[in-house]
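In the working numbering, the protein residues as written are 3 to 189.
Quick reminder that beta carbons are idealized off the backbone N, C-alpha and C, glycines included.
Note that this is a predicted model, so its numbers are computed, not measured.
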């Protein structure tokens with residue numbers, strides 16, 4: 003298990019205990035081509051760089067308590083990564099800026115969330131398919147004559163993939179200073 007913590011700007015931090023199935027940390031550098039009359043080669047001007055993090059997680063529920071916690075955390079995660087923001091009693095449109103912790107690789111690193119994807123494979127992953135209880139349709143207002151069961155009809159195993167772009171919250175991280183820590187390794 004690895005612990006992933008996503009702290010949205012507004013709302014509670016979300017802690018996911020999960021299996022890490024994929025991880026990528028990349029830095030892309032952008033260059034601009036400059037052409038001069040009389041030069042046959044193209045010169046390059048530095049434009050900037052961008053650090054991206056991609057995660058693949060497998061979250062599982064082994065019992066009813068795990069199911070409750072897993073889906074509560076998942077709802078909080080999606081809420082924290084959505085575009086809406088509520089401050090006091092007003093609602094604003096705001097991007098999903100979070101602080102991301104991935105084990106000891108990243109420690110409360112400022113990021114913007116670019117995507118989240120939730121997959122399940124019904125042919126391979128078990129679902130908690132609680133048995134609905136039927137009553138006489140004349141005693142229940144539900145036209146189907148069906149009562150909700152105590153169990154949810156939800157998958158017990160989910161694959162989650164998330165992508166983030168790291169924002170330098172300290173200018174030294176952007177300028178490549180010798181004391182900048184890109185990985186939160188503690189000595």
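In the structure shown, residue 118 adopts extended strand secondary structure according to DSSP, grouped into three states.
In the DSSP secondary-structure assignment, residue 164 is bridged to 57, 118. Between residue 161 and residue 97, the C-beta gap is not smaller than 8 Å, which leaves the two residues out of contact. Counting along the chain, residue 35 sits inside the beta strand (DSSP E) bounded by residues 16-36. Put simply, the stretch 112-128 does not touch the stretch 23-43. Fewer than three CB pairs are less than 8 Å apart.
Straight across, the Cα-Cα distance linking residue 159 with residue 4 is about 16 Å. Between the alpha carbons of residue 99 and residue 185 lies a gap of roughly 19 Å. Setting aside the 5 residues that flank it on each side, residue 6 is surrounded in the same chain by 18, 104, each with a C-beta closer than 6 Å to its C-beta; the list follows chain order.
DSSP places residue 47 in the strand class (E or B) of the three-state scheme.
For residue 81, the secondary structure class from DSSP, reduced to helix, strand or coil, is helix. The C-beta distance from residue 101 to residue 111 rounds to 7 Å, short enough to meet the 8 Å contact threshold. When secondary structure is reduced to three states using DSSP, residue 9 falls in the strand class.
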